[in-house]
Structure formats: structure tokens, C-alpha cells
Amino acid sequence: MSTGLKSNSQVSESPKTNLWYRSRLFAQKELRETLRDRRTIITLLAMPLLLYPLLGMVFRFLAVSQLKKTAGTEYVVAVGTEVEALWLKTAIDFGDRVLEARAARAAAELRALAPADSTATVSNNEKNGEKPSTEGDVSISTGNRSGLQSGTVASDNTKNPEKSSDSSESTPTDSESLFSAKPRMRILTANDPATLNLNLSVATLEADLGAKVELQSWDGSVEVMQPALVRLTSNRDSMTSRDAQRYVEDRLQAASTSIVLRQARQYNPGIRMPVRITLDSVASNQKSRGFLGLLPLVLLLMTVTGGVYPAIDLTAGERERDTLETLIALPVSRVHLLLAKYVAVFTVTLLTGLVNILAMTATVYALQMETQLFGENGISIYLGLSLLSILIVFGLFYSAVLLALTSASRSFKEAQAYLIPLMLMSIAPGLVILLPGWHLEGLISGIPLVNMLLLARDVFEGSVQILPAMVAVVSTLFYAACALTLAARIFGTDAIAVGSRGTWSDLWKRPSMESTAAPLSTALFTLALMFPLYFFASGVLNRTAGTAPAIRLMTGGGLTILLFGLFPLAIARFRRLNLSGTWQLYPPLSRIWPAAIIIGLGTWPWVYELVLMTQQLGIAQIDEDRLKQVADVLERWKAIPLALMVVCLGVIPGVFEELFFRGFLLSSFRAVFRPWPSIILCGLIFGVFHVIAAEGAAFERLLPSATLGCLLAWIAVRSNSVFPGMLAHVLHNSSLLVIAHYRDELSSMAIGASQQEHLPGLWLLISAAALLTGVIWITFTTRQKPMTSHHLGDI
Amino acid sequence: MISVQKLTRIFGEGDDSVVAVNELSFQVAPGEVYGLLGANGAGKTTTLRMIMGLLSPSSGDVEILGQHVSSHPDRIKRQIGLVSASAGLYQWLTPREILEFFAGGYGLTREEATAQVARLAELMDLHRFLDRRSATLSTGQKQRVNLARALVHDPPVVLLDEPTRGLDVVGSQVVFDFVRTLREARKAIVVCTHQLDEAERLCDRFGLLFRGQLIREGTLTELREQTGRQSIVEMFVDLLRAPSKAEVGV
Chain A
1 MSTGLKSNSQ
11 VSESPKTNLW
21 YRSRLFAQKE
31 LRETLRDRRT
41 IITLLAMPLL
51 LYPLLGMVFR
61 FLAVSQLKKT
71 AGTEYVVAVG
81 TEVEALWLKT
91 AIDFGDRVLE
101 ARAARAAAEL
111 RALAPADSTA
121 TVSNNEKNGE
131 KPSTEGDVSI
141 STGNRSGLQS
151 GTVASDNTKN
161 PEKSSDSSES
171 TPTDSESLFS
181 AKPRMRILTA
191 NDPATLNLNL
201 SVATLEADLG
211 AKVELQSWDG
221 SVEVMQPALV
231 RLTSNRDSMT
241 SRDAQRYVED
251 RLQAASTSIV
261 LRQARQYNPG
271 IRMPVRITLD
281 SVASNQKSRG
291 FLGLLPLVLL
301 LMTVTGGVYP
311 AIDLTAGERE
321 RDTLETLIAL
331 PVSRVHLLLA
341 KYVAVFTVTL
351 LTGLVNILAM
361 TATVYALQME
371 TQLFGENGIS
381 IYLGLSLLSI
391 LIVFGLFYSA
401 VLLALTSASR
411 SFKEAQAYLI
421 PLMLMSIAPG
431 LVILLPGWHL
441 EGLISGIPLV
451 NMLLLARDVF
461 EGSVQILPAM
471 VAVVSTLFYA
481 ACALTLAARI
491 FGTDAIAVGS
501 RGTWSDLWKR
511 PSMESTAAPL
521 STALFTLALM
531 FPLYFFASGV
541 LNRTAGTAPA
551 IRLMTGGGLT
561 ILLFGLFPLA
571 IARFRRLNLS
581 GTWQLYPPLS
591 RIWPAAIIIG
601 LGTWPWVYEL
611 VLMTQQLGIA
621 QIDEDRLKQV
631 ADVLERWKAI
641 PLALMVVCLG
651 VIPGVFEELF
661 FRGFLLSSFR
671 AVFRPWPSII
681 LCGLIFGVFH
691 VIAAEGAAFE
701 RLLPSATLGC
711 LLAWIAVRSN
721 SVFPGMLAHV
731 LHNSSLLVIA
741 HYRDELSSMA
751 IGASQQEHLP
761 GLWLLISAAA
771 LLTGVIWITF
781 TTRQKPMTSH
791 HLGDI
Chain B
1 MISVQKLTRI
11 FGEGDDSVVA
21 VNELSFQVAP
31 GEVYGLLGAN
41 GAGKTTTLRM
51 IMGLLSPSSG
61 DVEILGQHVS
71 SHPDRIKRQI
81 GLVSASAGLY
91 QWLTPREILE
101 FFAGGYGLTR
111 EEATAQVARL
121 AELMDLHRFL
131 DRRSATLSTG
141 QKQRVNLARA
151 LVHDPPVVLL
161 DEPTRGLDVV
171 GSQVVFDFVR
181 TLREARKAIV
191 VCTHQLDEAE
201 RLCDRFGLLF
211 RGQLIREGTL
221 TELREQTGRQ
231 SIVEMFVDLL
241 RAPSKAEVGV
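Here the protein sequences come in this chain order: A and B. Just so you know, my numbering puts 688 at position 688 of the first sequence, and the rest follows in order with no gaps. Just so you know, my numbering puts 27 at position 27 of the second sequence, and the rest follows in order with no gaps.
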């Protein structure tokens with residue numbers, strides 16, 4: 001064996017390849033391993049390709065069988081004599097024609113009288129097979145009928161209805177439409193009327209209905225029909241029997257009323273029925289969902305099914321196949337390894353989602369069910385893209401949850417034991433969304449899983465509302481980050497990787513050594529918890545709308561301190577984070593202060609202009625209601641002392657938001673990323689918080705808040721301190737508050753601007769000059785300051 | 001090159017705690033093959049995992065090439081190659097893909113990885129099955145890939161955990177040849193095994209582990225002098241018969 005090995009070499013301490021190359025390499029390996037596995041392919045391709053056609057066929061079969069059931073219903077009516085049978089057939093046929101004429105007349109009247117949408121309703125009803133009912137013309141009494149004569153059903157004197165043209169039956173009048181098909185009637189007569197027992201015949205379900213017709217005399221003519229006493233006997237335990245009774249009763253009543261009316265008109269041609277009722281129906285606001293209501297659940301569950309196997313295989317599977325140890329022996333962080341697995345699981349989930357959408361579309365197209373399921377527009381590209389977007393967000397979330405659970409598993413079986421409850425739990429929200437009254441709004445849009453299912457349902461129905469949809473998407477992404485952080489903490493730990501006797505509680509042990517900044521996983525975990533907490537806190541604050549404005553302000557201030565100050569502080573204490581390093585509580589160079597003041601006072605006009613620009617570009621619109629709300633709030637705030645406003649809305653947010661965003665988060669980002677990505681990420685998160693979490697959340701705040709967030713982060717990076725940015729933030733907020741407070745006075749002095757108008761050019765010029773001065777000042781005054789060891793790169 | 005200092009690992013807490021490794025200390029020089037010998041459950045694998053940085057010690061530390069594992073875990077991992085009989089292969093990947101993946105994971109560029117895989121294929125005679133799916137390989141072929149994987153970044157330190165377990169005579173001979181090759185290349189090698197006769201053929205120095213403690217240490221000659229026994233198997237039998245370490249004279 002020739003060696004080919006270097007003698008006693010020492011491998012270089014740092015890798016020769018960059019992080020991106022290695023990330024790609026890891027993700028590539030995970031994907032390659034997953035996509036070659038035939039079990040993945042089964043859930044990815046075979047399941048959707050089989051399921052949707054199968055579901056489509058079942059749906060179609062059920063629909064058709066339901067129609068056939070209606071069309072194929074046959075009511076068997078037992079009568080004593082052939083004369084009774086003939087009279088009954090004649091009377092029912094006549095009553096049927098009366099009802100049809102009445103329905104046609106009512107529909108014509110409605111078309112003539114009703115507005116366009118009502119006409120459409122009538123058309124829909126007709127299309128759905130529900131002929132306008134004429135029940136209003138007659139009074140139907142129900143209850144037991146007794147005193148029927150005895151006898152037995154001896155023979156069927158009618159011929160096969162399908163072969164006989166003169167059989168005693170009513171056949172569908174509109175053979176083209178199954179929806180309008182009517183039940184058939186089969187009338188049986190007794191050979192020996194004396195022995196007929198109608199009660200027994202109906203009780204034993206030999207006949208659906210028993211009819212005893214007592215006639216004085218009759219020549220077979222409807223026109224001169226003699227009065228008859230008809231007794232109908234039904235079986236109250238049989239739905240068909242009850243339906244048959246109702247069916248016959250309706251027609252006999254209609255025939256009777258028509259004959260009476262005709263006779264009355266012979267004496268008084270102008271006579272009319274004292275009461276005429278025309279029945280109309282409209283669709284309820286709650287759209288009938290039926291099968292469509294289940295589609296989001298089917299689609300999302302099918303999509304995540306694709307990610308289940310890879311998630312188990314790439315985590316618990318690695319452990320079971322004894323490949324995990326060599327993997328974590330690589331000089332790569334566990335977070336890095338887990339992210340590669342996350343990419344693979346998410347990719348497979350997304351591919352499954354795509355295949356599902358395609359299979360669903362193909363099925364719906366092939367079975368020509370577009371309009372039945374999705375209305376007149378059918379399946380559009382917009383619908384497909386919207387669904388895909390939802391699947392992406394949902395896939396990001398669910399893949400992270402799957403990995404969090406499977407990372408904690410030591411074997412396939414254990415992972416399956418964790419995932420089965422998850423899948424069952426996922427079905428529950430899917431069924432909840434079928435209930436009336438569940439809409440994507442308010443706090444519901446922050447409930448994981450439910451929010452995405454509701455959003456998918458809204459997409460199907462074409463009734464998406466932007467703001468709740470955004471809340472749903474952003475909250476789901478935050479939950480995904482939370483789950484991923486948890487997965488990163490679990491994956492490859494001693495207890496899981498090497499089967500030691502460690503327990504779950506080991507994961508929550510305090511580190512033995514102090515850190516100068518929050519590890520990225522801790523920062524993301526805090527952020528992931530912070531978002532829903534802030535969202536719900538905002539909801540709580542909105543519920544105090546009835547309280548005094550001053551109390552509300554102070555409550556808001558208190559919540560800000562709690563969430564942005566005390567909550568991260570508790571986490572920092574638990575994780576043994578050095579407070580000065582984590583919050584960047586270092587004294588800055590004294591010469592930086594003037595620049596912070598200039599920027600703080602000079603930024604607001606441009607922030608205001610960015611809001612306007614956002615609107616003019618159509619990115620976000622402030623509607624009249626919202627403007628009115630803002631005006632009302634400003635009016636109410638006039639009664640509050642300015643100092644209190646400045647403290648609650650200027651100083652507290654300025655101080656504590658800086659501590660969290662430019663201290664806690666930024667220091668963590670800077671320990672991992674280069675400065676500019678850290679600054680942009682920090683700014684974006686700041687912007688998103690201001691869109692979603694604020695009272696009356698609005699998109700117009702994203703761009704200005706994110707820009708301001710980036711500016712403040714840049715100041716923090718340049719000064720290596722949180723304090724200058726804090727001062728600028730407080731001044732920025734406070735100056736806006738002062739201007740809002742004195743806006744009437746400023747307007748009377750012809751200074752200022754009305755809502756939705758640009759600020760005077762001079763103001764903008766001064767503001768731009770101030771901003772520029774501040775930025776240049778900071779750039780030059782901090783140029784010589786050496787960066788600390790973990791602050792990589794130039795800024 | 002490898003310096004293990006008072007390494008201790010305790011699993012569990014309180015009454016349930018188990019001392020898997022107890023104040024273990026030893027050194028391994030370049031070009032030396034150190035045999036860490038012991039029965040099942042003696043603490044061999046736990047020791048290797050702590051040396052690799054996969055398991056954090058309850059106390060003590062490991063120094064490799066002058067750097068502490070606790071301070072620079074990633075740098076230390078780059079200096080170590082691990083061979084474990086229990087280690088599996090990715091069944092859907094080919095040996096070439098596996099080796100190139102690990103080479104990339106250790107920071108080698110694509111070109112370096114390709115060249116190193118070609119070298120190792122030559123060294124370990126992998127050519128015949130280099131592009132076959134791993135699931136189709138025999139046990140011996142899988143072990144060859146495992147050995148090659150440990151050298152894919154050409155580390156100065158190689159740890160072997162029960163390297164011949166489950167292998168036949170031919171397969172075991174491949175491992176022996178592999179260890180000799182490493183010794184020639186002046187690597188520092190630790191071999192954990194309970195196959196004592198094999199260890200005698202392979203190792204330069206021995207550490208006899210018993211219930212997490214190092215009971216005896218030295219070359220075969222030194223151990224013979226200490227125990228009066230000719231073979232390591234006999235030494236171990238004595239060890240296992242003794243109810244406590246006091247009776248084996250430590």
C-alpha cells in the first residue's frame with residue numbers, strides 16, 4: 001500500500017472555501033440523498049398524482065349519485081281500487097302541472113321585478129335544481145292520519161314504467177337536467193280491496209304511502225272533479241314515506257286550490273286568492289363551501305406530507321444509520337448542518353406543493369369542475385401563484401416544526417411517534433375553518449396554522465384582505481424562525497447525537513461562561529418570541545380604547561419597557577450575556593453627540609416624505625377612515641400634557657427600541673455577519689415590527705421605519721455604542737410629537753402642511769442638509785476609531 | 001501531539017450518575033499508535049468522543065497540537081480523522097460523492113477534493129466501486145470507504161474506534177495495513193478496541209481502561225514487567241477478576 005499521505009502534516013486552521021460554498025455543498029448533499037430515495041418520490045409524486053384524480057372522481061361520483069338519487073326516487077303508493085288509482089294519478093298529474101305553471105309564473109315575475117342580482121339568484125337556484133317552491137300557496141298540515149280501511153296490497157297493476165307509456169307514473173319532465181328530475185310514482189292496487197290493510201302495508205314498507213280515496217261518483221274528468229276525501233298514511237320512521245306524503249299532498253292541494261279558484265271565477269271573474277306568496281331565496285353572506293372548504297386543508301396537509309419523510313430521514317435517520325457522528329465531527333457548526341437539512345426538507349415540501357397544485361389543476365380541468373369549485377373565473381394564474389406563495393410560507397413554517405420534532409428523536413419510530421400527534425393536530429384547525437364565523441382577522445391572523453389555512457381559503461374564494469394576510473405571513477415566518485431555533489438547539493446535542501443519558505432539560509441549562517453578545521440562535525429565539533408577544537400586547541392595548549388617553553399612553557409605554565427592555569434582559573441574564581457587550585453600553589466619542597442631535601432633529605421631514613412616496617407609488621394607501629382615525633387620535637392627545645406624550649411616545653420607545661434592536665439584536669448579528677448585512681437585517685426587522693405590531697398597522701410605515709432603522713444601526717456600528725442612536729431616536733420621535741401637538745398653531749402661522757401634501761421645499765432642503773451633515777460628521781469623526789475584534793470589515 | 005489531561009465525564013445527576021471516564025490522562029506522540037484497551041463499557045468510545053469535541057467533558061481537557069479542544073473545537077476537528085466501525089455510509093450516495101462531500105466539509109476546494117479522492121482511491125483500492133451506490137457495497141468495501149473518509153483532509157491525528165469489528169480476516173488485514181501506513185506518515189494514532197490480540201499486533205503503547213479509569217499504561221514489554229503476564233489477554237483476565245482497583249495494585 002503506497003501512502004500518498006503527507007508526513008505528520010498539520011491541516012490549516014481555517015477552511016479554504018467560503019461559507020456560501022460549504023452551505024451549498026451541505027444542502028446539495030442533503031437534497032441528493034433525499035431526492036434519490038424512492039420513498040421521498042412516492043410522497044412527492046405518486047401521492048398527489050393519485051390522490052387528486054381519486055378525490056375528483058369521488059366528488060363527481062357523490063355529486064352524480066346524489067342527483068341520480070333524486071332522479072331515481074320512486075314513491076310506491078298503495079290504494080284500494082283501480083278507480084281510486086286512476087283518480088289519484090289524474091289529480092297528481094293535474095296538481096303537478098299547476099305547480100309547474102305557478103313556478104314558471106313566479107320566476108317570470110321575479111325576473112321582471114327584482115334587481116339584477118336577485119335574478120341571478122333565481123337562475124342559480126334553478127341551475128342547482130331547486131325549483132321555486134310553491135308551498136306558500138297551500139297550507140300543509142302534518143300529523144298522524146288514522147281510521148284507514150283494512151286490506152292488503154295484492155298486485156301491481158301498473159306496467160314497468162320504463163317500458164310503458166301509460167303507466168301510473170310521473171317521469172322527469174326535463175331529461176336534460178338531472179337537477180330538475182322529479183320522483184316517479186308507482187301506484188299499487190289491491191286485488192281484493194276488502195282485505196287491504198293500508199296501515200300494515202305502510203308499516204312494513206311494502207308501500208311508501210297509503211291512500212284511501214272516498215269518491216261519491218266520478219267520470220274521470222278533472223274539470224268536473226267531484227269532492228273526494230283523501231286519506232294519506234305515511235310511515236313516520238321512513239324519510240321516503242314522509243317525502244312521498246308531502247309530494248302527493250302538495251299536488252293534491254295545488255289541484256284542489258286550482259279547481260276551487262276556477263269554479264269561483266265562473267261567478268266572479270275578478271276574484272283572486274286572498275294570499276299569494278312568492279318564494280325567493282338569496283345566497284347567504286357565508287358562502288357555501290362544501291368540498292371547496294376542504295381544499296385548503298387537503299392541499300396544505302398533502303404538501304407537508306412531502307416534508308415528513310425527509311425530515312425524519314435527515315435527522316433521526318442519520319442517527320439510526322450511524323452517520324450522524326461523522327457528520328457532526330466535521331468542523332462546521334450544528335446550526336449550519338441543520339440549515340442544510342432545512343433547505344432540503346423545505347425544497348422537498350415545496351416540490352410536493354407544486355406537484356399538488358399541478359395535480360389539482362389537472363384534475364379539476366380534466367373533470368371540468370373549474371366553475372363548480374372556483375366560480376366563473378375557474379383556476380387562474382393569479383390563483384396558482386397565490387397558492388404557491390402560501391405554500392412557500394407554510395412550507396417554511398412546517399419544515400421548521402418537523403425538524404424541531406425529528407431532531408429530538410433518536411430513531412425513526414420515535415420521530416413517527418412525535419409526528420403523528422402533530423399531523424392530527426394539524427387536521428383540527430383545518431376543520432375549524434369550515435365553521436361559520438372564522439375569518440382571517442384580528443388575533444386569529446396570529447394563530448399558527450389556522451391563519452394560513454384561513455388565508456388559503458380566502459385565496460380560493462378570492463376574498464383576501466391584505467393586512468390580515470400580511471400578519472398571517474409575517475407571524476408564520478416568525479414562528480418558523482422560532483421552531484428552527486429550537487431545532488438548532490436540539491440537533492446534534494450530546495443526548496441525541498451520541499445517545500448519552502442527557503435529557504431535554506440539558507438544552508435549557510445556563511451556559512457556564514459569560515458571552516459578550518447573544519448567540520445568533522438566542523437572538524432569533526428572542527425575536528421569534530418577541531413578535532407574537534408584541535402582537536398580542538398591541539391587541540391588549542387596542543382593547544383599552546375606551547380608557548382615558550393618558551392611561552392608554554402610559555400602558556403602551558409600560559408594555560414597551562416590558563417587551564423591549566425587561567424581556568430581553570431576562571433572557572440575557574439566563575444566558576449569561578454580558579450586559580455592556582450585548583446592549584453596546586459603551587461610552588461613545590464625545591464628538592459624535594452633535595451629529596446624533598442633528599440627525600435626530602433633521603430626519604423626520606424625510607421620513608414623512610417617504611410615507612408620501614410609499615402612497616404615491618401605490619405600495620400602500622392611507623384611506624379616509626384611517627386619516628380620520630389619526631386626526632381623532634391627534635385631537636384627543638391635545639388634552640394630554642406634552643411632557644407625558646414625549647415620555648411615553650418619544651423617550652421610552654427611543655430608549656428601549658434602541659436597546660433591543662441596535663443593542664441586543666445588532667450585537668448578535670455583528671458577531672456573525674459583516675456590518676452591512678447586519679445593518680440592513682436590523683433595519684428590516686425594525687420596519688416589519690412597525691408595520692405589523694403598531695396600532696392600526698399600515699404598510700406605509702415599512703419603508704420609512706426600515707430606513708430609519710438602518711440609519712440608527714449604522715450610527716450604532718460607527719460609534720460602537722447604543723447611546724448616540726438612542727438620542728437621535730428620542731429626538732426624532734419627540735420632534736414629531738411636538739409638531740403634531742402644535743400643528744394648529746403652526747398652520748395658523750402658515751407653517752406646516754396638511755395631510756397627504758408634500759412639505760415645503762425649504763424644509764426638505766434644511767432636513768437634507770442636516771442629515772448629510774450628520775452622516776459626514778459621524779463618518780469622519782469615527783474614521784480613526786479602531787473596531788473591536790468581532791467587528792469585521794469596513795463600514 | 002495528543003495530550004489528554006485528567007479527562008472526566010459523568011452522565012446523569014445525583015444517585016443516577018455514572019462516571020464513564022474518570023480522570024484519564026495519556027499522551028500520544030507523532031508516529032505512535034496508542035491502544036486504548038478495555039472491555040465493553042470501559043469508557044473507550046466516550047474518551048474518543050471527548051477528544052473529538054463531540055462530547056463535552058465534565059472536567060479536564062484535551063490538547064492537540066498545542067490547542068485545547070474546549071477553546072477551539074472547530075480547529076481541533078480539522079486536525080482529526082475518525083474511523084468508527086459503527087459509522088454508516090449514506091446509502092443513496094456513491095463513495096466518490098461521500099468522500100468529496102466530507103472533503104468539502106473540511107474546507108478543501110473542489111479541485112483539492114477531487115485530487116484527494118483520486119489519491120485515496122488509489123491508496124485504499126476503491127476504484128472498482130467508487131461510483132456505485134453505497135447501499136450495494138459489501139461490509140469490507142464500506143469499511144474501506146470509512147477509512148478513506150477519515151483521511152480525506154489528511155489529518156495529523158487519527159482516531160480508530162473498534163476498526164475491525166465485523167470484518168473478516170481480509171478486511172481486518174486492510175485495517176492493519178492502514179494503521180501501518182498512518183504510522184509511516186508520522187500520524188498520531190489512537191486505537192480503541194477490545195480485540196486484545198489484534199491490539200498487540202498494531203499498537204506501540206497501551207492504556208488499559210477499567211470502569212473509566214486507566215489501570216495500566218506502557219509498552220508491551222513494560223506491561224509484562226508490571227503484571228508478570230505475557231499477553232494482554234491474560235492481563236485483562238486478571239483485571240476483570242479483581243473486584244476493585246486496589247487489588248490490581250493501582
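All C-beta atoms in this analysis are idealised placements derived from N, C-alpha and C, irrespective of residue type, glycine included.
Could you tell me the boundaries of the beta strand (DSSP E) in which V796(A) lies? A query on residue 796(A) cannot be resolved here, the shown segment of chain A reaching from 1 to 795 and no further.
Interface residues of chain B around E33(A) at Cβ under 8 Å? Y90, W92 and L93
Rounded C-alpha distance that separates E97(B) from A480(A): 31 Å
Since C192(B) sits in a beta bridge, which residues does DSSP pair it with? L36(B) and D161(B)
Give the C-beta separation of E514(A) and A87(B) to the nearest angstrom, bearing in mind that I take them to be a contact with Cβ-Cβ under 8 Å. In fact, because the Cβ distance is near 36 Å, the residues do not count as touching under 8 Å.
Between the stretch 33-47 of chain B and the stretch 770-777 of chain A, do at least 3 Cβ pairs fall closer than 8 Å? no
Along the stretch 318-334 of chain A, what residues have a CB closer than 7 Å to any CB found in chain B? R321, D322, T323, E325, T326, I328, A329, L330, P331 and V332
Of all the options V722(A), P53(A) and P468(A), which has the alpha carbon lying nearest to the alpha carbon of Q368(A)? P53(A)
Determine, using beta carbons only, whether S86(B) comes closer than 7 Å to chain A. yes
Start and end residues, beta strand (DSSP E) containing A207(A): No beta strand (DSSP E) contains A207(A), which DSSP labels as neither H nor E.
Considering only DSSP beta bridges, list what M185(A) is partnered with. Y75(A)
Min CB distance R78(B) to chain A below 7 Å: yes
Going by the CB atoms, is the gap between A244(A) and L301(A) shorter than 7 Å? Result no, Cβ atoms of L301(A) and A244(A) do not sit closer than 7 Å.
Taking the alpha-carbon of L391(A) as reference, which of L297(A), K341(A) and V471(A) has the nearest alpha-carbon? Ranked by Cα distance from L391(A), the options L297(A), K341(A) and V471(A) are led by L297(A).
Using only alpha-carbon positions, find the residue among A264(A), T555(A), Y247(A) and V230(A) that is nearest to E74(A). Y247(A)
Would you mind telling me which residues of chain A sit closer than 9 Å to R149(B), beta carbon to beta carbon, in chain order? T326
Three-state secondary structure (DSSP) at I427(A)? helix
Looking at D61(B) and H68(B), is the spacing between their C-beta atoms short of 7 Å? yes
Which same chain residues, not among the five before or five after C682(A), have their C-beta less than 8 Å away from its C-beta? F661, R662, L665, L666, F669, G709, C710 and A713
Straight-line Cα distance separating V655(A) from I680(A): 20 Å
Give a yes or no on whether 7 Å exceeds the smallest Cβ distance from K29(A) to chain B. yes
Quick check: the stretch 101-115 of chain B against the stretch 163-175 of chain B, are there 3 or more CB pairs under 8 Å? Here the stretch 101-115 of chain B does not lie against the stretch 163-175 of chain B, with fewer than 3 beta-carbon pairs under 8 Å apart.
Report the option in M273(A), F26(A), A207(A) and V607(A) whose CA atom is closest to the CA atom of S238(A). With distances taken between CA atoms, S238(A) lies nearest to A207(A) out of M273(A), F26(A), A207(A) and V607(A).
Closer than 7 Å, CB to CB, is D74(B) near chain A or not? yes
Report the residue ranges of all beta strand (DSSP E) runs contained in full by the stretch 364-408 of chain A; include only those spanning at least 3 residues, in chain order. none
Partner residues on chain A for L130(B), Cβ-Cβ distance less than 7 Å: Correct list: empty, because the minimum Cβ distance to chain A is about 15 Å.
When you compare only the Cα positions, how much space is there between P115(A) and A107(A)? Reliability fails at P115(A), whose pLDDT of 46 lies under 50, so the model's placement of it is uncertain and the value that follows must be treated cautiously. It is roughly 13 Å from the alpha-carbon of P115(A) to the alpha-carbon of A107(A).
Runs of 3 residues minimum, wholly inside the stretch 195-231 of chain B: which ones carry the beta strand (DSSP E) assignment? With a minimum length of 3 residues, the continuous beta strand (DSSP E) runs that stay inside the stretch 195-231 of chain B are 205-210 and 213-218.
Any Cβ of chain B within less than 7 Å of the Cβ of I496(A)? With a pLDDT of only 49 at I496(A), under 50, the local geometry of the prediction cannot be trusted, and the value read off the model is given with reservation. Interface residue (Cβ-Cβ distance to chain B less than 7 Å): I496(A) is not classified as such.
Identify, in the order they occur along the chain, each residue of the same chain with its Cβ nearer than 6 Å to the Cβ of G306(A), setting aside the five sequence neighbours on each side. Only T43, L44, V348, T349 and T352 meet the Cβ criterion.
Quick one: using the 10 Å Cβ neighbour count with 16 as the cut-off for buried, is W87(A) buried or exposed? The residue in question, W87(A), is buried, as its Cβ has 16 or more Cβ neighbours within 10 Å.
How far does the beta strand (DSSP E) with L232(A) in it extend, from its first residue to its last? Run containing L232(A): A228 to S234, per the beta strand (DSSP E) assignment.
Between the stretch 92-110 of chain B and the stretch 190-200 of chain B, are three or more C-beta pairs nearer than 8 Å? In short, these stretches do not touch, since the Cβ pair count stays below three.
Own chain partners of R132(B) with C-beta closer than 8 Å, once the 5 adjacent residues on each side are dropped: T94 and P95
Helix or strand or just coil, what does DSSP make of L82(B)? strand
Mind checking K341(A): buried by the 16 CB within 10 Å criterion, or exposed? buried
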